[in-house]
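Undergrad:
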Amino acid sequence: MLPILIEALATNEAITLLFQTILIFGMLSFLWKTNPYYTVTEQMMIGGRTAVFFLVMLEGIIGVFGDIAAGMVWRIIPVVMGVLFFVGLTRIRWAGRYPNAIITGGGLGVLFGLSLRAQIVDQMASSIMALVTFNPDPISGVIIFVGTILTVSYFLYTYKQEGPLAWTSRIARWFMAISFGNMWAQIIFYRLDGLIACMKIVVQDFLLRLF
Amino acid sequence: MSKILGKLGRIPWWAYYITIFVTVIIPMIFPLGLPLLIEPMTQRYFDVLDTAPAGTIVLYSSTQGFDSEKVTGPITEANLKLLAKNNIKFVYEPWSADGAIYAAVLIDRLNLDETYGLVYGEDYVLMPFLAGMESAMAAGASDFRVAYSQDHFGHPINSLPLMENLYNIDDVDFVIWGYTHCTHIDIAMRQYYTLYGKELITYTSGCASSAAPYFDKGVIGFADAAYGAAQLEILGEIPGSGLKRMDPRTLTILTSVVFVVIANIGYFADRQGRKN
Chain A
7 MLPILIEALA
17 TNEAITLLFQ
27 TILIFGMLSF
37 LWKTNPYYTV
47 TEQMMIGGRT
57 AVFFLVMLEG
67 IIGVFGDIAA
77 GMVWRIIPVV
87 MGVLFFVGLT
97 RIRWAGRYPN
107 AIITGGGLGV
117 LFGLSLRAQI
127 VDQMASSIMA
137 LVTFNPDPIS
147 GVIIFVGTIL
157 TVSYFLYTYK
167 QEGPLAWTSR
177 IARWFMAISF
187 GNMWAQIIFY
197 RLDGLIACMK
207 IVVQDFLLRL
217 F
Chain B
339 MSKILGKLGR
349 IPWWAYYITI
359 FVTVIIPMIF
369 PLGLPLLIEP
379 MTQRYFDVLD
389 TAPAGTIVLY
399 SSTQGFDSEK
409 VTGPITEANL
419 KLLAKNNIKF
429 VYEPWSADGA
439 IYAAVLIDRL
449 NLDETYGLVY
459 GEDYVLMPFL
469 AGMESAMAAG
479 ASDFRVAYSQ
489 DHFGHPINSL
499 PLMENLYNID
509 DVDFVIWGYT
519 HCTHIDIAMR
529 QYYTLYGKEL
539 ITYTSGCASS
549 AAPYFDKGVI
559 GFADAAYGAA
569 QLEILGEIPG
579 SGLKRMDPRT
589 LTILTSVVFV
599 VIANIGYFAD
609 RQGRKN
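Sequences listed follow chains A and B, in order. For the first sequence, the working numbering gives the first residue as 7, with consecutive numbering after it. For the second sequence, the working numbering gives the first residue as 339, with consecutive numbering after it.
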């Protein structure tokens with residue numbers, strides 16, 4: 007048994023798999039309760055990711071200086087903006103507001119008008135068009151249209167939810183419950199996919215090959 | 339009777355966990371070969387890649403990195419294999435700090451250069467990570483050369499043959515959008531479809547319902563995580579890690595459904611018991 011184990015572990019891949027298995031069990035030990043084994047694994051993951059992120063960012067910063075040296079002088083602007091973030095720790099902390107304002111303003115500008123078009127106007131138009139074009143099919147078109155109208159009616163807070171509005175709100179709640187249930191199920195299966203991938207490493211890639 | 343049934347609603351959490359572990363592990367040791375349904379959206383996803391003429395250029399934009407590899411790994415593998423198999427050229431834009439490293443490792447692991455003759459610089463280019471997400475995506479879409487001066491490996495953009503006639507998103511045929519957070523579909527819709535009219539095929543990590551509202555309204559096909567990967571592997575005859583996961587996945591889903599049904603019977607029986 008021991009020689010087989012040593013032989014199996016004598017490759018880089020086997021050592022990686024063993025290490026992965028140890029870490030996976032560490033993470034799963036959280037199901038029992040928070041414990042030192044889990045904490046070590048968790049901190050290793052956070053530390054590892056932070057190190058990778060730091061190195062990638064550092065590479066990016068060095069690249070920007072290379073661009074400036076190569077004649078793309080305008081790239082000094084983001085460098086100055088980046089440096090201004092750190093003056094928040096000094097007396098001239100007011101200057102730190104500029105990069106924040108520019109990033110927030112620029113970010114909003116990039117998405118605001120397009121959000122209205124992509125998520126509201128185009129969606130409304132296509133919901134109505136689905137009734138005419140029967141796309142993807144007549145029943146789906148009607149369900150989408152009715153579901154949209156009723157769900158919007160649920161959020162009409164300027165009227166008391168009574169009479170016909172009480173009924174539409176009740177049906178809207180069903181539509182929303184089904185949608186949220188679907189989303190929740192997908193989140194569970196996302197986690198299950200992760201668990202299956204981890205157990206595949208432990209069972210198929212490591213244990214079954216070892217024994 | 340309702341008292342006995344009511345107890346079903348109080349299944350201990352460890353019973354569910356143990357059952358799930360068993361249903362995950364058993365099919366790994368004894369494969370069952372459970373059937374798999376090909377979804378119309380995934381069929382469309384495959385058709386887009388399969389019918390694209392050789393030499394088609396796509397923008398492969400993705401938020402995934404090593405942290406989401408356990409879930410999106412199979413679908414990324416299937417994607418890369420299909421791109422290489424159909425001789426589709428791609429520019430890979432990562433939106434996770436380790437995204438470019440991840441793509442490089444994956445392409446290397448899949449041995450695409452030897453299997454399909456994929457050549458870096460001619461058939462694909464890996465861009466470096468740019469901070470800023472949506473603002474950076476907008477910059478990249480409007481002008482690759484303004485956003486990137488060099489690729490992930492440090493080669494100047496202008497020295498890469500694939501980038502010779504590629505200046506902005508108008509020069510690519512369509513976009514592949516791989517995302518790991520459910521709301522990220524909106525970003526791609528805004529920056530690629532609404533602004534430039536570029537249609538997307540998209541894959542997700544368990545967020546298929548977030549792409550569904552855009553189906554046929556910018557999104558022309560979508561595939562979901564390992565399940566989508568398994569379907570692509572069947573359609574493209576490129577067996578991979580997606581198919582290997584399907585037995586445990588199907589079995590855990592069935593088990594979870596059984597638990598939900600049992601718990602619901604317990605809930606309603608308990609409520610009935612209280613009424614009586």
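From the three backbone atoms N, C-alpha and C, an ideal C-beta is built for every residue, glycine too. None of these values were measured; they are calculated from a predicted model.
#1: Cβ closer than 8 angstroms: which chain B residues qualify as neighbours of residue 200 of chain A?
#2: Would you say residue 485 of chain B faces chain A, with C-beta separation under 9 angstroms as the test?
#3: Is the number of C-beta pairs between the segment 43 to 57 of chain A and the segment 463 to 474 of chain B that are closer than 8 angstroms three or more?
#4: At which residues does the beta strand (DSSP E) containing residue 432 of chain B begin and terminate?
#5: Note the first and the last residue of the continuous beta strand (DSSP E) segment covering residue 524 of chain B.
#6: Alpha carbon to alpha carbon, how far is residue 145 of chain A from residue 573 of chain B?
#7: Pick out whichever of B/556, B/520, B/350 and B/530 has its Cα sitting closest to the Cα of residue 547 of chain B.
#8: According to DSSP, simplified to helix, strand and coil, what is residue 626 of chain B?
#9: With 9 angstroms as the threshold, decide whether the Cβ of residue 49 of chain A is near any Cβ in chain B.
#10: Relative to the C-alpha of residue 359 of chain B, which residue among A/28, A/216, A/200 and A/217 is closest?
#11: Using 9 angstroms as the limit for Cβ to Cβ distance, is residue 569 of chain B near chain A?
#12: So residue 505 of chain B packs on residue 482 of chain B, CB below 8 angstroms; how close in whole Å?
#13: Check whether the Cβ atoms of residue 23 of chain A and residue 207 of chain A lie closer than 9 angstroms to each other.
#14: Could you tell me the alpha carbon to alpha carbon distance between residue 525 of chain B and residue 605 of chain B, rounded to whole angstroms?
#15: Over the uninterrupted alpha helix (DSSP H) stretch that includes residue 110 of chain A, give me the two end residues.
#16: Let me know the secondary structure DSSP gives residue 562 of chain B once reduced to three states.
#17: Going by other Cβ atoms of all chains shown within 10 Å of its Cβ, with 16 needed for buried, is residue 516 of chain B buried or exposed?
#18: Is the beta carbon of residue 501 of chain B sitting closer than 9 angstroms to the one on residue 433 of chain B?
#19: Using a Cβ-Cβ distance cut-off of 9 angstroms, determine whether residue 366 of chain B contacts chain A.
#20: Which residue wins for smallest C-alpha separation from residue 450 of chain B, given the options B/603, B/576, B/595 and B/404?
#21: Return the residues of the segment 551 to 563 of chain B that lie within a Cβ-Cβ distance of less than 7 angstroms from chain A, sorted by chain order.
#22: Can you give me the start and stop residues for the alpha helix (DSSP H) that residue 352 of chain B sits inside?
#23: Using a Cβ-based criterion (distance less than 8 angstroms to any ligand heavy atom), does residue 62 of chain A qualify as near the ligand HEM?
TA: To lay it out plainly:
#1: 408 and 409
#2: no
#3: no
#4: 427 to 432
#5: That residue, residue 524 of chain B, is in no beta strand (DSSP E); its alpha helix (DSSP H) goes 522 to 526.
#6: 29 angstroms
#7: B/520
#8: Outside the modelled stretch of chain B, which goes from 339 to 614, sits residue 626 of chain B, for which no answer is possible.
#9: no
#10: A/200
#11: no
#12: 6 angstroms
#13: yes
#14: 41 angstroms
#15: 103 to 121
#16: strand
#17: buried
#18: no
#19: yes
#20: B/576
#21: 551, 554, 555 and 563
#22: 351 to 367
#23: You won't find the ligand HEM in this model; it holds no ligand whatsoever.
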